[in-house]
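Residue numbers (the numbering used here): 613 to 753.
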């Protein structure tokens, strides 16, 4: 506000539109950890599938985690976790039809998916590095 206090922005007068956001990030892992994930031999189970589900759940709860973020109806959230020789890459696409964007939902989905990989691998890998979490696309139609 005018006094510099935090507040949620009023979006009542904004027109509804289709909003799409895409975010990405990665977690670097030791080669042995990558091998365990590839062979589905991690003690906690299927790392990639659990990370994808966690990312979807997190995107749906974004407004509960980020104080001034609007609670929006998500029409689509898709989280994809892929394994390569250096670790796991995650992408999240979020879509809604409303008055405000879905960037925070996409970024939250990626972040929690990566944290889930970290949690599932922390017993065997002490050198993991989450990096390059970023918004890669924002569309307003």
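Ideal placement from N, C-alpha and C gives every residue a C-beta, glycine not left out.
Within the same chain, and ignoring the five residues on either side of residue 661 in sequence, no residue has its Cβ closer than 6 Å to its Cβ.
Taking a C-beta distance under 8 Å as the contact criterion, residue 753 and residue 630 qualify as a contact pair.
The alpha-carbon separation between residue 736 and residue 624 amounts to approximately 49 Å. Cα atoms of residue 656 and residue 726: separation of roughly 15 Å, rounded to the nearest angstrom. Only residues of its own chain outside the window of five on either side were considered, and among them 695, 697, 699 have a CB closer than 7 Å to the CB of residue 646, listed in chain order. Closest by C-alpha distance to residue 672, out of 740, 684, 663, is 684.
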